[in-house]
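**Q** The numbering of the sequence shown is the working numbering, which starts it at 58 and goes up by one.
Beta carbons: idealized from backbone N, C-alpha and C, even for Gly.
Would you mind keeping the following structure in view while I ask a few things?
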Amino acid sequence: MLRHDNSHEALRQAPLFAALDKHELETVARVSHELDVPGGEELIHEDEPGRQFFVLLDGEAQVTRNGEEVNRLGPGDFFGEISLLSDRPTTAAVVTTSPSRVVMIAPLDFRRLLEEMPLLQMRVIQALADRLPDDFYSQA
58 MLRHDNSHEA LRQAPLFAAL DKHELETVAR VSHELDVPGG EELIHEDEPG
108 RQFFVLLDGE AQVTRNGEEV NRLGPGDFFG EISLLSDRPT TAAVVTTSPS
158 RVVMIAPLDF RRLLEEMPLL QMRVIQALAD RLPDDFYSQA
């Protein structure tokens, strides 16, 4: 269910957006959509083109790759950015495991936000680096 009451406080509760100023939060609110989703909803489909960026505000989700769980997500976690930034298929599936509330941002809006907000860009880059496998640098 789509909610049209994107409040700044709802966005601010996500660590990704916590340090943004009022103007930046307003910009994010203008391009985002807050959704209530039931448990069992597949938000990201593995090996498909990326269609949205998500921030989990409430609830929980499971991340699977090739049918195997690789991570659990909770409030404040975000996902969907890798395929949007790389123009490659998604690397995993994400399914809600409880009723959840998410913020969804379309690909073009997501890229524009990153271009306009260096702090947001840095947080996403840090998250990408954190998601690299432990042996990533030894593979080079």
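Exposed or buried, what is Asp-144 when buried is set at 16 or more other beta-carbons lying within 10 Å of its beta-carbon?
**A** Position 87 of the sequence shown holds residue 144. By the neighbour-count rule (16 or more Cβ atoms within 10 Å), Asp-144 is not buried but exposed.
**Q** Can you name, in chain order, every residue of its own chain whose Cβ lies under 6 Å from the Cβ of Ser-155, other than the five neighbours on each side?
**A** Locating residue 155 in the sequence shown gives position 98, counting from the first residue. So the list reads Gly-96, Gly-116, Glu-117, once near-sequence residues are dropped.
**Q** What separation, rounded to the nearest whole angstrom, lies between the Cα atoms of Leu-77 and Leu-176?
**A** Locating residue 77 in the sequence shown gives position 20, where the first residue counts as 1. Locating residue 176 in the sequence shown gives position 119, where the first residue counts as 1. Cα to Cα, the separation comes out at about 8 Å.
**Q** How would you call Ala-149, buried or exposed, if buried means at least 16 neighbouring beta carbons within 10 angstroms?
**A** Residue mapping note: residue 149 aligns to position 92 of the sequence shown, counting from 1. Ala-149 is buried by the Cβ-count criterion.
**Q** How is Ala-184 classed by DSSP in three states: helix, strand or coil?
**A** If you number the sequence shown from 1, residue 184 lands on position 127. In the structure shown, Ala-184 sits in a helix (DSSP, three-state: H, G or I).
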